[in-house]
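The listed protein sequences correspond, in order, to chains X and V. Going by numbering that gives the first Met the number 0, the first sequence opens with residue 0, and the numbers climb by one from there. Going by numbering that gives the first Met the number 0, the second sequence opens with residue 0, and the numbers climb by one from there.
Protein chains: 2
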Amino acid sequence: MSNDSTYMHWLRERILNEGVYLGNGILKVDAFMNHQVDPLLMQGIGYEFARRFRGQHPTKILTAETSGIAPALAAGMMLQVPVVFARKTKPLTLKDEPYQASAPSHTKGGVVTLMVAHEFLSPNDRALIIDDFLASALTIRALAEIVRQSGATLVGIGAVIEKAFEGGRGALRDLNTQVESLAVIERFDGDKIVFAE
Amino acid sequence: MSNDSTYMHWLRERILNEGVYLGNGILKVDAFMNHQVDPLLMQGIGYEFARRFRGQHPTKILTAETSGIAPALAAGMMLQVPVVFARKTKPLTLKDEPYQASAPSHTKGGVVTLMVAHEFLSPNDRALIIDDFLASALTIRALAEIVRQSGATLVGIGAVIEKAFEGGRGALRDLNTQVESLAVIERFDGDKIVFAE
Numbered sequence: 000m001s002n003d004s005t006y007m008h009w010l011r012e013r014i015l016n017e018g019v020y021l022g023n024g025i026l027k028v029d030a031f032m033n034h035q036v037d038p039l040l041m042q043g044i045g046y047e048f049a050r051r052f053r054g055q056h057p058t059k060i061l062t063a064e065t066s067g068i069a070p071a072l073a074a075g076m077m078l079q080v081p082v083v084f085a086r087k088t089k090p091l092t093l094k095d096e097p098y099q100a101s102a103p104s105h106t107k108g109g110v111v112t113l114m115v116a117h118e119f120l121s122p123n124d125r126a127l128i129i130d131d132f133l134a135s136a137l138t139i140r141a142l143a144e145i146v147r148q149s150g151a152t153l154v155g156i157g158a159v160i161e162k163a164f165e166g167g168r169g170a171l172r173d174l175n176t177q178v179e180s181l182a183v184i185e186r187f188d189g190d191k192i193v194f195a196e
Numbered sequence: 000m001s002n003d004s005t006y007m008h009w010l011r012e013r014i015l016n017e018g019v020y021l022g023n024g025i026l027k028v029d030a031f032m033n034h035q036v037d038p039l040l041m042q043g044i045g046y047e048f049a050r051r052f053r054g055q056h057p058t059k060i061l062t063a064e065t066s067g068i069a070p071a072l073a074a075g076m077m078l079q080v081p082v083v084f085a086r087k088t089k090p091l092t093l094k095d096e097p098y099q100a101s102a103p104s105h106t107k108g109g110v111v112t113l114m115v116a117h118e119f120l121s122p123n124d125r126a127l128i129i130d131d132f133l134a135s136a137l138t139i140r141a142l143a144e145i146v147r148q149s150g151a152t153l154v155g156i157g158a159v160i161e162k163a164f165e166g167g168r169g170a171l172r173d174l175n176t177q178v179e180s181l182a183v184i185e186r187f188d189g190d191k192i193v194f195a196e
């Protein structure tokens with residue numbers, strides 16, 4: 000706790016009190032992040048991401064629609080840098096060939112292709128990836144692949160909740176970047192949530 | 000301008016400078032709202048929604064994924080009320096039969112069904128609907144239908160950009176609620192954007 004903020008203690012409390020374990024490693028946090036969003040908690044999350052990544056001087060935050068938008072925007076407000084959310088379906092407004100990378104969807108099934116228009120990520124950018132969950136890290140790797148395609152520099156990866164038992168952190172090691180999770184779940188013991196440490 | 004804030008002047012400037020008219024009434028504002036999000040502008044938008052709707056004492060903000068999330072969250076931060084975003088695909092975490100209503104998609108084609116879990120909208124709630132665009136108002140009417148199903152009271156509807164020529168405001172009249180748009184586009188003159196007044 001010594002290195003940790005009051006906000007992050009609060010985040011763990013919210014996960015314990017309102018998170019619902021659905022089995023198969025799926026944690027439902029619809030009450031404050033994935034369906035209903037608590038704006039004050041998000042501000043705390045943004046504050047904490049800003050504290051941990053400010054030294055990397057990001058110029059863009061990259062996330063994936065839908066559930067990454069709230070924490071990414073909160074971080075963007077604190078760091079005062081633009082937030083780009085990768086699209087999963089190509090809207091009519093997205094012309095030309097975007098950067099794209101695919102990842103299987105954990106909670107929806109199937110494979111999703113993430114797309115980012117060229118104009119919003121360039122070789123001059125220092126990109127910070129923010130997402131709601133770090134689990135298998137396949138979505139985050141797809142975002143990192145988009146950063147690579149754009150020529151931008153990846154300066155960090157932040158997740159609100161890490162499910163450590165899915166091995167995502169190891170899967171990101173070759174990216175040689177700072178990885179931060181605000182709450183780390185070590186395992187589920189029955190339907191009980193056990194945090195790391 | 001007398002009744003208007005500096006933020007909203009700035010919003011119109013951003014629309015003029017960065018909005019791209021694609022024809023068929025479709026305005027692309029991917030540079031600051033629908034693909035890349037400017038957090039400072041969103042804070043101004045949230046401030047302005049809060050100013051206009053605070054007197055209605057909303058207890059919940061309701062929006063639709065994806066593009067409504069940023070302005071709705073910004074408003075939620077200013078008003079300190081939770082934000083619920085209606086889902087367009089049913090994630091594994093959404094059990095039971097949600098409230099639902101359908102609307103045709105302007106920019107993606109086809110029909111989307113908006114879903115909200117029962118636990119996040121109740122007869123005790125005073126619901127404020129916030130979305131990125133007020134055009135034909137079909138998405139907003141679907142959100143209002145979800146409010147009706149829940150038994151909550153609809154206390155207002157706010158849109159960042161209104162395309163007045165699509166008649167959405169008239170289509171909302173029977174809901175008898177306060178409707179506010181932060182920038183009102185009267186028409187497109189060639190590829191030139193003409194604001195109301």
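The beta carbon of each residue, even a glycine, is placed where N, CA and C say it ideally should be.
Review point. Under 7 Å Cβ-Cβ, which residues of chain X neighbour Leu-15/V?
Key: Ordered by position in chain X, no residue passes the 7 Å Cβ test against Leu-15/V, which lies about 17 Å from the chain.
Review point. Cα separation between Gln-99/V and Val-115/V?
Key: Cα to Cα, Gln-99/V sits roughly 7 Å from Val-115/V.
Review point. DSSP state of Asp-188/X, grouped into three classes?
Key: Asp-188/X: strand per DSSP, three-state reduction.
Exercise for review: Assign Lys-94/X to one of two classes, buried (16 or more other C-beta atoms within 10 Å of its C-beta) or exposed (fewer than that).
Suggested key: Within 10 angstroms of the beta-carbon of Lys-94/X lie fewer than 16 other beta-carbons, which makes it exposed.
Review point. When the Cβ atoms of the stretch 65-84 of chain V are set against those of the stretch 33-41 of chain X, are three or more pairs found closer than 8 Å?
Key: Segments in contact, yes.
Exercise for review: Establish whether the CB of Pro-122/X and some CB of chain V are separated by less than 8 Å.
Suggested key: Output row for Pro-122/X: interface = no.
Check your understanding: Leaving out five residues before and five after Phe-84/X in sequence, what residues of the same chain have Cβ atoms less than 6 Å from its Cβ?
Key -> Excluding five sequence positions before and after Phe-84/X, the CB atoms of its chain that fall closer than 6 Å to its own CB belong to Thr-62, Glu-64 and Ile-68, given in chain order.
Practice item. Classify Asn-16/X as buried or exposed, calling it buried when 16 or more other Cβ atoms lie within 10 Å of its own Cβ. Key: Exposed, since its Cβ has fewer than 16 Cβ neighbours within 10 Å.
Practice item. For Met-7/X, go through chain V and note every residue whose CB falls closer than 7 Å to its CB, in chain order. Key: What Met-7/X touches in chain V: nothing, since even the nearest Cβ is about 19 Å away.
**Study point:** chain X contact for Ile-156/V (CB, 8 Å cutoff)
**Key:** Judged by the 8 Å Cβ criterion, Ile-156/V is not in contact with chain X.
**Study point:** Chain-ordered neighbours of His-56/V on chain X, where CB pairs are closer than 8 Å
**Key:** For His-56/V, no chain X residue has a C-beta closer than 8 Å to its own C-beta; the minimum C-beta separation is roughly 16 Å.
Point to revise | Residues sharing a beta bridge with Ile-156/X, DSSP | key: In the DSSP assignment, the residues bridged to Ile-156/X are Ile-128/X and Val-178/X.
Point to revise | Nonlocal neighbours in the same chain, by C-beta distance under 6 Å from Phe-164/X, ignoring five residues either side | key: Closer than 6 Å at Cβ, skipping near neighbours: Arg-186.
**Study point:** Assigned exposure category for Glu-201/X - 16 Cβ within 10 Å defines buried
**Key:** What is shown of chain X runs 0 to 196, which leaves residue 201/X out entirely.
Point to revise | Sequence-distant residues of the same chain with beta carbon closer than 8 Å to Trp-227/X, five excluded per side | key: A query on residue 227/X cannot be resolved here, the shown segment of chain X reaching from 0 to 196 and no further.
Exercise for review: Please report the residue range of the beta strand (DSSP E) in which Ser-101/V lies.
Suggested key: Secondary structure note for Ser-101/V: its beta strand (DSSP E) is the uninterrupted segment 98-103.
Check your understanding: How long is the line joining the alpha carbons of Gly-150/V and Ser-121/V, rounded to whole angstroms?
Key -> Within the model, the alpha-carbon separation for Gly-150/V versus Ser-121/V is close to 6 Å.
Practice item. Would you check if the distance between the CB atom of Pro-70/V and the CB atom of Asp-131/V is smaller than 8 Å? Key: Yes.
Exercise for review: Report the three-state DSSP secondary structure of Thr-62/X (helix, strand or coil).
Suggested key: Here Thr-62/X sits in strand by DSSP.
Practice item. Leaving out five residues on either side along the sequence, give the residues of the same chain with a beta carbon under 8 Å from the beta carbon of Ile-184/X. Key: Excluding sequence positions up to five before and after Ile-184/X, its CB lies within less than 8 Å of the CB of Ile-14, Leu-26, Ile-160, Glu-161, Lys-162, Ala-163, Phe-164, Ile-192, Val-193, Phe-194 and Ala-195, all in the same chain and listed in chain order.
Check your understanding: Which stretch, first to last residue, makes up the alpha helix (DSSP H) that contains Leu-137/V?
Key -> Its alpha helix (DSSP H) spans residues 137-149.
Check your understanding: Can you name the start and end residues of the alpha helix (DSSP H) that Phe-31/X belongs to?
Key -> For Phe-31/X, there is no enclosing alpha helix (DSSP H), as DSSP marks it with neither H nor E.
Practice item. Would you mind sorting His-34/X into buried or exposed? The rule is 16 or more other CB atoms within 10 Å of its CB. Key: Here His-34/X is buried. Its C-beta has 16 or more other C-beta atoms within 10 Å.
Review point. So, using beta-carbon positions, are Leu-113/X and Gly-167/X closer together than 8 Å?
Key: Between Leu-113/X and Gly-167/X, the C-beta gap is not smaller than 8 Å, which leaves the two residues out of contact.
**Study point:** Other residues of its chain near Ala-126/V: CB distance less than 6 Å, five sequence neighbours each side excluded
**Key:** Closer than 6 Å at the Cβ level, and outside the excluded window around Ala-126/V, lie Lys-59, Leu-61, Val-146, Ala-151 and Leu-153.
Review point. Ala-143/V: which of Gln-177/V, Asn-23/V and Glu-118/V sits nearest, CA to CA?
Key: The shortest Cα separation from Ala-143/V among Gln-177/V, Asn-23/V and Glu-118/V belongs to Gln-177/V.
Review point. Cβ atoms of Asp-190/V and Thr-92/X: under 8 Å apart, would you say?
Key: Contact: no.
**Study point:** Start and end residues, alpha helix (DSSP H) containing Phe-48/V
**Key:** Unbroken alpha helix (DSSP H) run through Phe-48/V: 38-52.
Exercise for review: Identify the contact partners of Phe-164/V in chain X, using a Cβ-Cβ distance below 8 Å as the criterion.
Suggested key: Among the residues of chain X, none has a CB under 8 Å from the CB of Phe-164/V; the nearest is roughly 18 Å distant.
Practice item. Would you mind reading off the limits of the alpha helix (DSSP H) that contains Leu-219/V? Key: Residue 219/V lies beyond the stretch modelled for chain V, which goes from 0 to 196, so this question has no answer here.
Check your understanding: To the nearest angstrom, how far is it from the Cα of Gln-55/X to the Cα of Ala-136/X?
Key -> If I take the Cα positions, the gap works out to 21 Å.
Practice item. Determine the DSSP secondary structure at Leu-113/V, reduced to helix, strand or coil. Key: Collapsing the DSSP output to three states places Leu-113/V in a strand.
Review point. Between the Cα of Lys-87/V and the Cα atoms of Asp-188/X, Ser-66/X and Val-82/X, which residue gives the shortest distance?
Key: Nearest of Asp-188/X, Ser-66/X and Val-82/X to Lys-87/V, Cα basis: Ser-66/X.
Exercise for review: Give the secondary structure of Leu-72/V by DSSP, where H, G and I count as helix, E and B as strand, and everything else as coil.
Suggested key: Looking at Leu-72/V - three-state DSSP - the assignment turns out to be helix.
Review point. What number of angstroms, rounded off, separates the C-alpha of Asn-123/V from the C-alpha of Gly-155/X?
Key: Between Asn-123/V and Gly-155/X, the C-alpha separation is close to 42 Å.
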